[in-house]
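Chains as they are written, first to last, in this note's numbering: chain X, 39 to 475; chain F, 29 to 395; chain G, 23 to 386; chain L, 19 to 311.
Think of the CB as a built atom: it goes at the ideal place given N, C-alpha and C, for glycine as much as any other residue.
Note that the coordinates shown come from a computational prediction; the quantities given were computed from them, not determined experimentally.
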Amino acid sequence: MRKLLGTAVIVGLGLGTAAPAFAQGEQFIPVLSYRTGAYAVNGVPFANGTLDYLALLNERDGGINGVKIAWEECETGYATDKGVECYERLKGKGTTGAAYVSPLSTGITFALTEKAPGDKIPLLTLGYGRSESRNGAVFPWNFIAMGSYWTGADVAIQHVAKEMGGFDKLKGKKISLVYHDSPYGKEPIPALEAFAKKYDFTFKGIPVTHPGVEQKSQWLSIRQDRPDYVLLWGWGVMNGTSIKEAAAVAYPRDKMIGIWWSGAEPDVTPAGDGAKGYKALMLQHGPGQFGVHAEIKKNVLDKGKGHAKDDFGQVLYNRGLINSFIGTEAIRTAQAKFGKQPMTGEQVRWGFENLNITEARIKEAGFEGMMKPLKLSCTDHQGADLARVQQWDGKEWKVISDWYTADRSVLDPLVAEQSAKYAAEKKITPVDCSKAG
Amino acid sequence: MLYRETGQFKSTYSADMGIFPLRQDRNALFVLLAFAFIGVPLLAHFHVWPFGSEYLLRAILLPFLILSMAAIGVNILIGYCGQISLGSGAFMAIGAYMAYKFGTGMPEIGLPPLPVLVSILLGGVCSALVGILFGIPSLRIKGLYLAVATLAAQFFFDWVFLRVAWFTNYAPSGSVSAPELNVFGWVVNEPLERYLLCLTFVTVFALIAKNLVRGNIGRQWMAIRDMDIAAELMGIRPFFAKLSAFAVSSFIVGVAGALWAFVYLGAWEPLAFSIDRSLQLLFMVIIGGLGSILGSFLGAGFILIVPIMLNLVPSELGVPLSTETISHLEFIIFGSLICFLLIKEPHGFARLVTLMKEKLRLWPFPY
Amino acid sequence: MTALSIAIPGGIGAILAGLMFTLLRGDRKSAIDLAVHIFLAVVMAVFLAFLAAKAIDNPGGFLEILVGGLLSGVLYSLVALGFVLIFKASGVFNYAQGAMVLVAGLALVRSLDFLTASGVATVVAVPLAILFSGAVMALCAFVIEKWVLRPLLNQDGLTLFMSTIGATFVLEGLAQMVFGSEVYPLKLFPTDPMILLESVFPGGILVNKLDVWGGVIAGVLVAALALFFQYTKTGRALRAVADDHAAAQSVGIPISWIWFIVWLVAGIVALVAATVWGTKLGIQFSIVFLALKALPVLIIGGFTSVPGAIVGGLIVGAGEKLAELYIGELIGGGIEYWFAYVLALAVLLVRPQGLFGEKIIERI
Amino acid sequence: MSVKTEMPVAPAETVPSLAMVMAEAERRPEADARQRLTTEVLLSVEGVSLSFGGVKAISDASFDIRKGEIRAIIGPNGAGKTSMLNVINGFYFPQQGVITFKGEKRREMRPYFAATSGISRTFQNVALFKGMTTLDNMMAGRTLKMNKGLFWQALRVGPAVAEEIRHREVVERLIDFLEIQHIRKVPVGKLPYGLQKRVELGRALAMEPELLLLDEPMAGMNLEEKEDMSRFVLTINQSLGTTIALIEHDMGVVMDLSDRVVVLEYGRKIADGTPDEVKSDPKVIDAYLGVSH
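What follows is the structure in C-alpha cells.
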C-alpha cells in the first residue's frame, strides 16, 4: 500500500512539473483521435483534417480573432475508457479549459454525455453520437451538428425509394442493415424499424462484431436472403471487409448504401475493383479540394506544419476540416458576445447554441461546395437535415443524387420520445428554450 | 533500525494471527489509510498540488481503486485458488448491467428501482451466481484449458449484453447510463465524493478478502491450488472450494464492475468489459503477485499508470513525436516491461516487497 | 415442413443422443458429470436435428453454408497450427501467434510493394519478398527465444503465457512502427466467387476461390510439416523435445536451438497464414484478432495435435457458420462470436484434453 | 453471500481431547504395547483388482487391518503398494472388490468420504501445499472440523476467530509434539526433505484420523531422522490409539514397528502375518532376492 501512494505521488509529480506551458490567453481545444488500432484507417484522415484547420487559423490569422489556439492530441484507440481518460486529462488545460470536445466515437460520446454537464464542456459530435441529442432542451451540452444516424437512415431510405421509383414500391421489399455491433451501429435501427412500418418493407439487422474482420456468415446469409438493398453502418476495417465480402458472394455493390462513415477512400480502395458501384451517403460534403485547401497548402503544409499526406482532400480529411470549422465558428460566435479572449466551455456552449454559419461565411472561409448553411438553436442542436449520395466508380467518388432533406415528421417524434425517456431516467428538467438566450 | 520485530512479543494466538503481526507494518497501514481518507480530501479541498487537479482524482485514483478491487477478486480465483480465468471482464459486465437493472427497476416483475448501493451489491450477487455456474467446468478442466474455456463466458456475455435489449432497458443504441449515485441521501457527484465512495468500497472489500484468505476457506483455496489431489484426500472438497472461490471472486469483480460503470464511466457499452479488460486484470495480478492482496494494488497501479505515463511523458517533455509513434512506442515499452518483470521476478511486485522487508529487517547488517 | 423433414431429423437426433450417451459411459463420472453429459447430449442432438431439418428444407443453401464454413475453418486452422507447433515443442501457449501473422504479413506486403515499385518483375519480387519476410520471422524467433523464453525456462505455463502477451505488444508496436499501420492490400490468390452445381441446386453453390486456395495451401502445409517431422533429423529432435525436455537434453539435443527452430517454423506457418488472410482482408492491424479465433480451434483439437488443429478448424468453421445462419436468425445474430468457445467448453467437459489430446492420468 | 459451508459438525469435546491426549503422550511415551491390540477389524479389502488400460496394478488382493495395530505393506517396487493405499482412501476406483471400513461395505471409496470417516495419509513424494506455511498446512488438516460459514470468516469476528484460535491450539500441540516450532511460519516449499515429511505427518495427524496411511515415511532419511520418525509413529499408535498402515522399504523399521505385515508382488498378495512369519516365508524371500531355481 505504501508503494501505491508513492506511485500516485510520482504520477502527480510527473503531471505537475511538466505543467502546461500554454501562454497567457490561448484557446485550448483537445483533439481526441485514434491513429492506431482497427479504426486507424478512418481515424487518421479525420484527425489530420481537424488539426490542419486549427493550424491554418493560427498560421494565417493568428488564431480566432487574435486569440491563439492551442491543442493537444490524445490517442483513444476508439476505446471508451481511454477516451474518458483523455477527456479528463485534457479538459482542464489551457487558459480556460477545453473549449469543446469531439470524441469521434459514439461510445465515448455516450460516456462524455454524462460528464460534460458537470464540467461545462460542450460536445461537438458531427454526424454521429446520440441521435436524440438534437433536442437541446434535454441535452444542452451535446451538439450533433449537420446530421444524426436517424437523418442518415431516412436519407438512405429516400434514395432507395427513388431508385425503385417511389415510396409505394418499397412495399414488400427487403432491406437489410449490416451494422457494427456497438451503440454506433445500433443507433439507426429504431428509425429504420419506424420506416419499415411506415412503408411496409421487411427490415433485417445483421450485426458484425467488433472489429469486423470476420463477416463471412453475414454475407452468406445475405446471399441466401437476397435483400433488395443492403445498408452499411460500418467503421474502420469493417467497411473494407464488408465491401470485399459483398464482392466475394457477388452481391451487387450498387445495391449497397453506406452511411457517411462508410463512404470514404480507405473503405473502398482495399476492395479494388470489387468496390466499383458501391454507394454511400455524404454528410453534405464529399472529397475534393476547395478554397480552404489552397489556404492550408499555402499556410500550413508548405511550411511543413501540417499533417496531411495522401489524405489531403479525401472525404474524412474534409470532414475533419469541417469539424474544426464549426467548432471554431462557435468560439467566434461566443467571442462576439463575451469579448475577444479565450472562451470558457460555458461561453462556447452559448456560441454553439447561437451558431449561424451563413452562405457568405462559408464562402469567406473557403468551404463553399463542402457544406450548406448551418444554424443551431436551443431546440435544434442538429441544424441541418441534408445529405447526398455518392458512388465509387473504381477511381473516385461521384455525386449521383440531388440534395435530400430528411423527413422530420418521422424522426422528430423519435427524438422527442427518446430524449424524454433519457430526461426521466436522469431526472433532468428540460431547459425552457423560450427563455434561453 | 526502525523496522524491527525484536521486543514485540505475542501472548495470544489472536495477536499472532493479525493481518500485520509487526507493529511497524500496522502503523504504516494506519497512516496510509488516514492519508487516503482524510489527507487526500483535505489536500484536494485546499487545492494543494497535485491533489487540486481533478485529473488525478478522476482519471487515475478512481480507476486505480476500482481496478484494484477487481484485481483482488481475480487474485482470489487465480492467485489463491489457482483457477486461471480469462473471463473477468464478463463478470464485471454482469455486475454492471445487473446493478443497472436493479437500480432502474424491473417493472416486469414489479420490482421498483432500488437504492444505488443495494443495486451495486446485488449486481455483485448476480455475478457470483453466474460465477458459480461457469465455475462448474473447473471441476473437470484444469490449467490453460480452463483459461481458454473461461473465454466462453467472456464472449457469451459480451454478446448477451449487446443483444438482449432487456438488460439495457431497450435503449436503441444499447448504451446505458448509470442512475444517480444516491447513497443514503448523499448524492455522489464531485470527483472527491466519488473517490471517497470507491475508497470505502475498496477498503472494506480488501479487508474482507484478507480475512477470507487467512481463514479456513483461504487455506482450502490454497490447498486446491498447490496440490488439488492431496487436498481432496485431506477432506477438502474441490467442489466447494473451487465454486466458493468462483463465487467470492465473481462477487468482488462484479461489484467492481458496477462501480466502474456507475462511478467511473457513467455511461457504458459492453465493449467497456471486453477481453482486453480481462487480460488487463490478469496482468495486474501476475505483475502484482499471485496470491497477494497487496500485490493486487501494486499490479493495478503499475498496469494502469505505466501506459498513461508513457503516453504523457513525451508530450509533457515536449519531445516532438507524432501521436502514432508515441502510441506504438507505448506498446513496445509496455510489452518489454512486462517481459522484463516476468523474467526478473516471476512472482511479482509482492515478492519484491517481501524481499525488501526482509532486507530492511536486517539492515544495517547484511546477515 | 413436411413429415419427412421432421422424421429424419428426429431419427438422427435420437441416434445421436444415444451415441453421445454411450460415448460418455466408458469413464467413471460423478453425478454432476452425468447431468452435464445428458444435457450436452440433448442439446447436441437437438442442434443437429435442427440442422438436418434445415438441410432438407433447402439442400443447396445448406451445402453452400457447410462448404463455406468448412473452408473458412481451414483458415482458422492455419493460425492454430502455429500455436500447436510451439505448444508441442516448448509447452508455451503462444498468444503472440496472431501478432506473428501480422509481422509476417507486413514484412511481406511492404517488401513486395517496395520491390514492385522499384521495377522488379512480379515473378522475381514475390519469392524475394517471401525470403525477406522469412528472414524477418527468423529474427523474431531468435529474439523471442533468446530474450524471452530462455530466461523463463522452467517457469510455469501461466508465466510463459503472460510473457507471450508481452511479446505480442512489442511485436504489434514494432511492426506497425517499422512497416506502417495502414491497410495494405495483398493479392497473391484469386478472390472471385465461382458457382458450382448450378444444374443441381437453384442458384448453385457459391464458393470463393480464395477459400479453395486456402484449403489447398493448408493441405500442402500439413503434408510438409508431417514430412519435416518424420524424415529430417531436426524434425525427429523436435519430436523428442516435445516428448520430454530433460530427456532430450540428456541425449545431447540442444534445446535452445530446437526452440529457435520451432519458433521459426511457427513463423513460417504464420507467413503462410498471412498470405491467405492478407489476400482476404488486406494486411492490417486487425489480423492480430485472429489469435482469438484460433483458440477454440486449439481446444477442440487438443493443444498438442496437428491433425487436431485441422479437424478443430473444420468443426469450428462449419459449426459457427451453420449456427450463425440458422440459429442466429432466431435469437438476434452475432452468435458466432461466442459459439466456437461454447462448443469448445462443451468438448472439454466431455474430453478435458480436447479431441486429439493425450489423456492425462493423474498420479500422486 | 448465499454460499454456506456444509461441514459436518464436530462434537465440541473432540477438540480439546486430542490436545489432552497429545500432552499425555509426551509425558508417557512407553505404554503397554500389547494392550492396544484387538481382533476388531477396522478395514478390510476383499478381492480388489485395479488396472489402468491394460496394465494390472492390483489383482485380487485381500487383507484386513485391525483396530489399533500397525500394519505394514511391503513388496518390491511396482508391487502395487501405493495403488493399494490409493484404493483405500478413494483416489483410485478398483474394477473389482469390496472395501469394508468400520463395518460399512463399499464398492469403492470416495476421497471425501474416506476423509470424513477418519482415514488420512501421507504421500510417497511429499504432497504438501508448497505455497503455504507449516502452520497453514496443518491448519488445512483441520478443515473438516471447522464449520463457521463464509460470512463469519469474511468478517472475522466472534465465532470465526474463536474457532480459529481453538484449532490453532490443537495444531500448536502437534507442532510441539513433532518438534517443528521453529519452522511454524516458513513456507513448506523452502524446507528440507526430512522436515517436509514431518510436516506432512503433522498435517495428517491434524485430521485426528482413526486410520493413518503412511506411504514410505522414512524414505530418503538418515538414521537419526528415521529414529525420530519411528518414535513419532510409535507414540501416535500407542498413545492416541491410531491404527496405522505403513509402506516402508527399510526392513529393519518394518520389523521393529509393525504388528502384522502383508507382502505384495506384481499386485498379488504373496504373504500375510507377523513380521517373523513373513520374514521366513520362502515366497517373500524369492520376491526380494529373486527366484533362483
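For my contact list, residue i and residue j are in at a C-beta cut-off of 8 Å; report their separation, rounded to the angstrom.
i	j	result
G202(G)	R132(G)	7 Å
E297(F)	P221(X)	5 Å
L318(F)	F377(F)	Not really, about 11 Å apart at Cβ, beyond 8 Å.
I117(L)	S101(L)	Not a contact, Cβ separation roughly 13 Å.
A262(G)	I275(G)	6 Å
D154(L)	R247(F)	5 Å
V280(L)	I91(L)	5 Å
Between the options, which has its C-alpha nearest residue i's C-alpha?
i	options	result
S7(X)	L56(G), G90(G), V294(G) and M66(G)	An answer regarding residue 7(X) cannot be provided, because it is not within the stretch 39 to 475 covered by chain X.
E126(X)	W194(F), A87(F) and V144(F)	A87(F)
E136(F)	Y198(F), S116(F), V291(F) and V158(F)	Y198(F)
F195(F)	I360(F), A121(F) and S355(F)	A121(F)
I169(F)	P78(F), P266(F), A258(F) and L224(F)	P266(F)
V69(X)	Y91(X), G75(X) and E152(X)	Y91(X)
E111(X)	G121(X), G407(X) and A313(X)	G121(X)
L89(F)	I280(F), R305(F), C226(F) and G163(F)	C226(F)
V230(F)	W77(F), P91(F) and V59(F)	P91(F)
W187(F)	R373(G), V364(G), L303(G) and L370(G)	V364(G)
A422(X)	K341(X), A332(X) and M184(X)	M184(X)
E123(X)	S350(F), P78(F) and M337(F)	M337(F)
T353(F)	F66(X), R73(X) and Q65(X)	R73(X)
D445(X)	D192(X), A285(X), K293(X) and L142(X)	D192(X)
Looking at the C-beta of residue i, does it have a partner C-beta in chain X at a distance below 8 Å?
i	result
I212(G)	For the sequence presented, residue 212(G) should be read as Pro rather than Ile. No - not a single Cβ of chain X is within 8 Å of the one on P212(G).
N217(F)	yes
P215(G)	yes
L293(F)	yes
L50(F)	no
Do we get a CB-CB distance below 8 Å when we pair residue i with the residues of chain F?
i	result
V179(L)	yes
T32(L)	Annotation note: pLDDT 44 at T32(L) (below 50); position unreliable, coordinate value reported separately. Closer than 8 Å: no.
R46(L)	Residue placement at R46(L) is poorly supported in this model, since its pLDDT is 48, which falls under 50; the coordinates still yield a value, given next. By this cut-off, R46(L) is not an interface position.
One question on the structure: do residue i and residue j come within less than 8 Å of each other, judged by their Cβ atoms?
i	j	result
N107(L)	L261(F)	yes
A126(G)	S155(G)	yes
G159(F)	L142(F)	no
D299(L)	R89(L)	no
Q119(G)	A292(G)	yes
F301(F)	G101(F)	no
R172(G)	S278(G)	yes
Kindly say whether residue i, judged by its beta-carbon, lies nearer than 8 Å to any beta-carbon of chain B.
i	result
A98(F)	Chain labels in this structure do not include chain B; the protein chains are X, F, G and L.
Quick check on residue i - is its C-beta less than 8 Å from some C-beta in chain G?
i	result
R191(F)	yes
T240(X)	no
W249(F)	no
L142(X)	no
E252(X)	yes
Quick one: does residue i have its CB under 8 Å from some CB of chain L?
i	result
L261(F)	yes
H375(F)	no
Unbroken stretches of the alpha helix (DSSP H), 4 residues or longer, contained in the region 362-407 of chain X: 383-391 and 397-403
Would you mind listing the beta strand (DSSP E) stretches within the region 266-319 of chain X that are 3+ residues and don't spill past its ends, in chain order? 267-271 and 294-296
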